[in-house]
Amino acid sequence: MERDVFKNELKSKEHEWKSERITLKAERDAFKSERDILKSEREVYKSERDILKAERDVFKSDRDMFKVERDAFKSERDIFKAEKDVFKSERDIFKAERNVFKSERDVFKVERDTFKFERHF
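Mind the numbering: the sequence shown is residues 1 to 121 in full-length UniProt numbering, read in order.
See the structure below:
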């Protein structure tokens, strides 16, 4: 009888251990699944980060291209300003030459009038 009680207790303990083992295996599998989910989420976040980095690089490239274009426009503007200054200088030279020719014409008119006046007397 004592032996039967011992056997029953042993079977009960074995059953309990089996249940615990099954429970622990289920918990382990649940943790593995959770770990796999976390790994997948991490991969998703890494992919999103890589996409954001790529977008940032595109924006940086766009910004750099706009800077180059801006510098090109500034250079063109400076060239146009220099050309405008050259044209102004040429205009001033032409005005000065015109004034010289007017002065020479006035001198010739005075000489002509003087010559006419002298011939008349």
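The C-beta atom is built at its ideal place from N, Cα and C for all residues, glycine as well.
Backbone CA spacing between residue i and residue j [nearest angstrom]
i: Phe108; j: Glu118; result: 15 Å
i: Lys46; j: Lys39; result: 10 Å
i: Asp71; j: Asp78; result: 10 Å
i: Val68; j: Arg91; result: 34 Å
i: Glu43; j: Ser33; result: 15 Å
i: Leu10; j: Glu16; result: 10 Å
i: Arg21; j: Arg49; result: 41 Å
i: Phe80; j: His120; result: 58 Å
i: Arg98; j: Glu104; result: 10 Å
i: Ile4; j: Lys18; result: Checking the sequence, you will find Asp at residue 4 rather than Ile. Cα-Cα distance, rounded: 20 Å.
i: Glu14; j: Asp29; result: 22 Å
i: Thr23; j: Ser12; result: 16 Å
i: Ile37; j: Lys7; result: 44 Å
DSSP state of residue i mapped onto helix, strand, coil
i: Met1; result: coil
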